[in-house]
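K.L.:
If you read the sequences in order, they're chains A and B.
Quick note: the first sequence uses our numbering, first residue 879, plus one each step.
Quick note: the second sequence uses our numbering, first residue 879, plus one each step.
What follows is a single structure, and I will ask about it in a moment.
Number of protein chains: 2
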Amino acid sequence: MSPTIRDVAREARVGIGTVSRVLNNSPQVSDKTRKLVLAVIEELDFTPNPIARRLSTGKTLTIGVILPNLTRSSYIERLRGVQETLALTKYHLVLFSVGTISDRDDYFRTLPSSSMVDGLLIISLPPTDKQAKRFKESGVPVVLVDADHPDLCSVTIDDIEGGKLATQYLVNQGHKKISYMGDILETAFHPSTRYRHQGYLQAIRENGLPEQPEYQIFGDSGRLNARKMADSLFSLKEPPTAIFASSDAQGIGILDKANELGLKVPEDLAVIGFDGILEADYANLTTIDQNLYQSGVESVQMLLACLENPPATINKKILPLELIARKTTGVSPKSLG
Amino acid sequence: MSPTIRDVAREARVGIGTVSRVLNNSPQVSDKTRKLVLAVIEELDFTPNPIARRLSTGKTLTIGVILPNLTRSSYIERLRGVQETLALTKYHLVLFSVGTISDRDDYFRTLPSSSMVDGLLIISLPPTDKQAKRFKESGVPVVLVDADHPDLCSVTIDDIEGGKLATQYLVNQGHKKISYMGDILETAFHPSTRYRHQGYLQAIRENGLPEQPEYQIFGDSGRLNARKMADSLFSLKEPPTAIFASSDAQGIGILDKANELGLKVPEDLAVIGFDGILEADYANLTTIDQNLYQSGVESVQMLLACLENPPATINKKILPLELIARKTTGVSPKSLG
DNA sequence: CTGAAAGCGCTAACAA
DNA sequence: TTGTTAGCGCTTTCAG
């Protein structure tokens, strides 16, 4: 059995209160006793039991992170930001990964009132009004990343703006036949693909371009399915000269298919993605970088601030978007003359 | 403040022991009182405080996972296996990610004796003898994944065998100029690249091929640097007709460069990777699949078994390797005639 | 500046 | 079958 604070106290011939004070760097302990106690701690190789400490203080020094499965690079990149920022603090990171809707609901219901965590970081999982209410009532600070709710702190981006930005960029390069590829709206956990689509539509309209339904394609997310969707886009009588993909994964899937078919990018086809994942860099994909890593960093900072002194007001941080021009856009397509 | 077991007891007019028994599904409590207590629990929306429970039982119901930064797909894939398996149990997952050697040493030193976790899963971070000794002494069960030590349980593969398997496959296809690309041996956290290289050398020798030093190239891991290394391989007077990359990331980097240079794969150049990450599938890269996800699953199972009843003997699991033939190998290269 | 004592919320041994 | 009690290892009053 590892030594307890009592062992240290006995060995050092002091009270256990004194040992505790040394442990917590209390200023009101003489240098002499402090040194003595420290020596005994060293000698006994004593480490304070964090569980006991937690019970006593009511603080768990733990942050819960809830996110969808570890399958998408974007989640991972956010998690990385969270992890690396949290590592600089005294807090630990407990990971709750959500495979199904019911997983999500279970975590949302039980975690806040479980006294398991001091705070909750929720990535890419928008809560319902009822769930948000529960969070508030629980008293456990919650920060949403890549999701929003009027009652909760959040770190987000402006997806509509992002959609416009991407689409306008293609327009500026002379494209008129611009396609949008997104996730299925109904089944998506998440409304961001919807907003990006709205941004796309706005840009199309503002530029007086026709809203071609056949250019707007929705399907299961991911690189593989994007290949299929790209294929069907390419088989149109008048295929698009440019595609705005609502994620980099889809953008890369489009490149795969274009490559397979011998389409020249960007000459025959321009592609712009969304996210700013590492793979987009590898693939030379032009994209809207949404600062995924940074979203993790800032959400932790926001949560920590809430932990220190509960804010009277709800914090909302909107991260900037950056268009990173790479090689899948930029040369005037042949078909534009 | 959330209600405690005492509130429930008072409200239900029973002893707190009885409430505790109900909570723990003890059979020795009458159906009547059980129902009563359950009703009060429901009414008060009571959730037992896990921290208090932990202090009392000495079990934390938490598994610590230590791994290198969340940057490599292979780590993530293993973590995913761990996470999804752990989610099926009562255990929580606390994530400790290691950025530097000193991070690693800190975690290795403090975690086992911290009473923070019931067990430790260590991914791709081989401990020293001293560290392994400390693990043993701490009494906290440890399972190593993708690393080995005589005194500790582990889930590994046979890297030498894998190296041979990959190389022999290339030989069988008629290649004589076969290159090996690996991580830098000295700085690598990890010896696996060294073993794969040994396997490569064994296969080369067994087939009576010359061990060309210029075909053996080592550099920082990752796709980007692999492009550079591939470039220097291609600039050789007699470039290799096949490359065995010690990771899929490197394999894909090689494909990037080959593509950039207009080399036909597999006609001009065959490439085989190692790992079996998802990206290898996307890139159509032939590879040695080391069952990354499964390593996570099995390590959790092994650890859980150790938790249930401490094994007298040290468990060693060696996962099978599988060669997945895809499109970057297989056609007889032109230069072979 | 220091020691003693009262919890934190629970489990488990012991009585009844 | 149940209630009572003694911890689990720590922090934090409250005296001194």
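All C-beta atoms in this analysis are idealised placements derived from N, C-alpha and C, irrespective of residue type, glycine included.
Here the structure is a predicted model, which is why all the values come from computation and not from measurement.
In three-state DSSP terms, what is Val1049(A)?
P.N.:
Mapped onto the first sequence, residue 1049(A) falls at position 171. Of the three classes helix, strand and coil, the one that applies to Val1049(A) here is helix, per DSSP.
K.L.:
CB Thr1164(B) to CB Arg1101(B), shorter than 8 Å?
P.N.:
Translated into positions along the second sequence, residue 1164(B) becomes position 286. Translated into positions along the second sequence, residue 1101(B) becomes position 223. Not a contact, by the Cβ cut-off of 8 Å.
K.L.:
Are the region 1140 to 1155 of chain B and the region 1108 to 1125 of chain B touching, with three or more C-beta to C-beta distances below 8 Å?
P.N.:
Yes, the region 1140 to 1155 of chain B is in contact with the region 1108 to 1125 of chain B.
K.L.:
List the residues of chain A that Lys1117(B) touches, going by C-beta distances under 9 Å, in chain order.
P.N.:
The residue labelled residue 1117(B) in the question sits at position 239 within the second sequence. Note on identity: in this sequence residue 1117(B) is Pro, with Lys being the wrong assignment. Neighbours of Pro1117(B) on chain A: none; closest Cβ ~23 Å, over 9 Å.
K.L.:
If you measure from the beta carbon of Ala1136(B) to each beta carbon in chain A, is any gap under 8 Å?
P.N.:
Counting from one through the second sequence, the residue named residue 1136(B) turns up at place 258. Taking Cβ atoms only, chain A never reaches closer than 8 Å to Ala1136(B), which makes this a no.
K.L.:
Contact check, Leu1199(B) vs Gly1041(B) under 8 Å by CB: the rounded distance?
P.N.:
For the purposes of this step, residue 1199(B) is taken as residue 321 along the second sequence, with counting starting at 1. For the purposes of this step, residue 1041(B) is taken as residue 163 along the second sequence, with counting starting at 1. Not really, about 10 Å apart at Cβ, beyond 8 Å.
K.L.:
Please go through the region 953 to 1010 of chain A and give each complete beta strand (DSSP E) segment of 3 or more residues, from N-terminal end onward.
P.N.:
DSSP runs (the beta strand (DSSP E)) wholly in the region 953 to 1010 of chain A: 970 to 976 and 997 to 1001.
K.L.:
Quick one: give me the first and last residue of the alpha helix (DSSP H) that Gly1131(A) is part of.
P.N.:
Counted from its first residue, the first sequence places residue 1131(A) at position 253. That run of the alpha helix (DSSP H) goes Asp1126 to Leu1139.
K.L.:
Using DSSP's beta-bridge definition, name the partner residues of Lys1194(A).
P.N.:
In the first sequence, residue 1194(A) corresponds to position 316, counting from 1. Bridge partners of Lys1194(A): Ser1032(A).
K.L.:
If the criterion is Cβ atoms closer than 8 Å, does the pair Val976(A) and Ile944(A) meet it?
P.N.:
Sequence index remark: in the first sequence, residue 976(A) carries index 98 (1-based). Sequence index remark: in the first sequence, residue 944(A) carries index 66 (1-based). Contact: yes.
K.L.:
Just list the residues that DSSP pairs Asp1061(B) with in beta bridges.
P.N.:
Within the second sequence, the letter at position 183 stands for residue 1061(B). Paired residues: Gly1097(B).
K.L.:
Tell me the rounded alpha-carbon separation between Leu1087(A) and Tyr1047(A).
P.N.:
In the first sequence, counting from the first residue as 1, residue 1087(A) sits at position 209. In the first sequence, counting from the first residue as 1, residue 1047(A) sits at position 169. Straight-line Cα distance between these residues: approximately 14 Å.
K.L.:
Would the region 919 to 926 of chain A and the region 952 to 960 of chain A be scored as touching if the rule is three or more Cβ pairs under 8 Å?
P.N.:
As far as the Cβ criterion goes, the region 919 to 926 of chain A does not touch the region 952 to 960 of chain A, which means the pair count is below three.
K.L.:
For Val886(A) and Val1178(A), which I take to be in contact (beta-carbon distance under 8 Å), what is that distance rounded to the nearest angstrom?
P.N.:
As a first step, residue 886(A) is located in the first sequence; it is residue number 8 there, counting from the start. As a first step, residue 1178(A) is located in the first sequence; it is residue number 300 there, counting from the start. The pair is not a contact, with the Cβ atoms about 34 Å apart (cut-off 8 Å).
K.L.:
Measuring alpha carbon to alpha carbon, tell me which residue in Arg1074(B), Gln1051(B), Lys1055(B) and Phe1096(B) is nearest Gly1208(B).
P.N.:
Translated into positions along the second sequence, residue 1208(B) becomes position 330. Checking every option, the nearest Cα to that of Gly1208(B) belongs to Gln1051(B).
K.L.:
Measuring CB to CB, does Ile1001(B) end up less than 8 Å from Leu1197(B)?
P.N.:
Translated into the one-based positions of the second sequence, residue 1001(B) becomes position 123. Translated into the one-based positions of the second sequence, residue 1197(B) becomes position 319. Result no, Cβ atoms of Ile1001(B) and Leu1197(B) do not sit closer than 8 Å.
K.L.:
Where do the ends of the alpha helix (DSSP H) carrying Pro946(B) lie?
P.N.:
In the second sequence, counting from the first residue as 1, residue 946(B) sits at position 68. Premise fails: Pro946(B) lies in the beta strand (DSSP E), Thr940 to Pro946, not in any alpha helix (DSSP H).
K.L.:
How many Å lie between Gly1129(A) and Leu1111(A) at the Cα?
P.N.:
Position 251 of the first sequence, counting from 1, holds the residue named residue 1129(A). Position 233 of the first sequence, counting from 1, holds the residue named residue 1111(A). Those two C-alpha atoms are separated by around 13 Å.
K.L.:
Consider the Cβ of Asn938(B): report whether some Cβ of chain A lies at a distance smaller than 8 Å.
P.N.:
As a first step, residue 938(B) is located in the second sequence; it is residue number 60 there, counting from the start. One point to set straight first is that residue 938(B) is Thr, not Asn, in the sequence displayed. Yes - at least one Cβ of chain A is within 8 Å of the one on Thr938(B).
K.L.:
According to DSSP, is Thr1164(A) helix, strand or coil?
P.N.:
Translated into positions along the first sequence, residue 1164(A) becomes position 286. Note: Thr1164(A) maps to strand in three-state DSSP.
K.L.:
What residue range does the beta strand (DSSP E) around Gly1151(A) cover?
P.N.:
The sequence position of residue 1151(A) within the first sequence is 273, counting from 1. Start and end: Ala1148 to Asp1153.
K.L.:
Beta strand (DSSP E) containing Val1123(B): first to last residue?
P.N.:
Position 245 of the second sequence, counting from 1, holds the residue named residue 1123(B). The residue you asked about is not Val; residue 1123(B) is Ala in the sequence shown. Unbroken beta strand (DSSP E) run through Ala1123(B): Ala1120 to Ala1123.
K.L.:
Using a Cβ cut-off of 8 Å, which residues of the region 907 to 933 of chain A contact any Cβ in chain B, in chain order?
P.N.:
Those would be Asp923, Thr925, Asn927, Pro928, Ile929, Ala930, Arg932 and Leu933, in chain order.
K.L.:
Compare the C-beta of His970(B) against all C-beta atoms of chain A and say whether one is closer than 8 Å.
P.N.:
By one-based count along the second sequence, residue 970(B) stands at place 92. So yes, His970(B) belongs to the interface.
K.L.:
Can you tell which of Lys1011(B), Pro990(B), Pro1005(B) and Gln1076(B) has its C-alpha closest to the C-alpha of Ile979(B)?
P.N.:
Residue 979(B) sits at position 101 when you count from the first residue of the second sequence. Of Lys1011(B), Pro990(B), Pro1005(B) and Gln1076(B), the residue nearest in Cα terms is Pro1005(B).
K.L.:
Looking at C-beta atoms only, is the number of pairs between the region 985 to 992 of chain A and the region 1011 to 1025 of chain A that lie closer than 8 Å three or more?
P.N.:
The region 985 to 992 of chain A, when compared against the region 1011 to 1025 of chain A, does touch it at the 8 Å Cβ threshold.
K.L.:
For Asp1037(A), which residues from the same chain have a beta carbon less than 6 Å from its beta carbon, with the 5 sequence-adjacent residues on both sides left out?
P.N.:
For the purposes of this step, residue 1037(A) is taken as the residue at position 159 of the first sequence. If we look at Asp1037(A) and ignore the five residues flanking it on each side, its Cβ neighbours are Ser1070, Tyr1073 and Arg1074.
K.L.:
Could one say the Cβ of Gln1172(B) lies closer than 8 Å to chain A's Cβ atoms, at least one of them?
P.N.:
On the second sequence, residue 1172(B) is found 294 positions in, with the first residue counted as 1. False, the Cβ-Cβ gap to chain A never drops below 8 Å.
K.L.:
Going along chain A, which residues have a C-beta under 9 Å from Ile1035(B)?
P.N.:
Here residue 1035(B) corresponds to residue number 157 of the second sequence, with the count starting at 1. In chain order: nothing, as chain A lies at least about 21 Å away.
K.L.:
DSSP three-state call for Glu1145(B): helix, strand or coil?
P.N.:
As a working mapping, residue 1145(B) is identified with position 267 in the second sequence. Note: Glu1145(B) maps to coil in three-state DSSP.
K.L.:
Are the C-beta atoms of Tyr1160(A) and some chain B residue less than 8 Å apart?
P.N.:
The residue labelled residue 1160(A) in the question sits at position 282 within the first sequence. For Tyr1160(A), the answer is yes, since a Cβ of chain B falls inside 8 Å of its Cβ.
K.L.:
Just checking: is the beta-carbon of Ser975(B) within a distance shorter than 8 Å of some beta-carbon in chain A?
P.N.:
To locate residue 975(B), count along the second sequence from 1; it is residue 97. Judged by the 8 Å Cβ criterion, Ser975(B) is in contact with chain A.
K.L.:
In the DSSP assignment, find the beta strand (DSSP E) that holds Glu1176(B) and state where it starts and stops.
P.N.:
The sequence position of residue 1176(B) within the second sequence is 298, counting from 1. Glu1176(B) -> not in any beta strand (DSSP E); alpha helix (DSSP H) instead, spanning Leu1170 to Glu1186.
K.L.:
Please return the same chain residues whose Cβ sits closer than 7 Å to the Cβ of Glu889(B), not counting the five positions on each side in sequence.
P.N.:
Position 11 of the second sequence, counted from the start, is the residue given in the question as residue 889(B). Excluding positions up to five away in sequence, the list reads Val918 and Leu922.
K.L.:
When you compare each of Asp996(A), Leu998(A) and Arg987(A) to Lys1008(A) by their alpha carbons, which one comes out closest?
P.N.:
Taking the first residue of the first sequence as 1, we reach residue 1008(A) at position 130. It is Arg987(A) whose Cα lies nearest to the Cα of Lys1008(A).
K.L.:
Pick out whichever of Leu901(B), Asn902(B) and Ala1127(B) has its Cα sitting closest to the Cα of Ser951(B).
P.N.:
By 1-based counting over the second sequence, the position of residue 951(B) is 73. Answer by Cα proximity: Ala1127(B).
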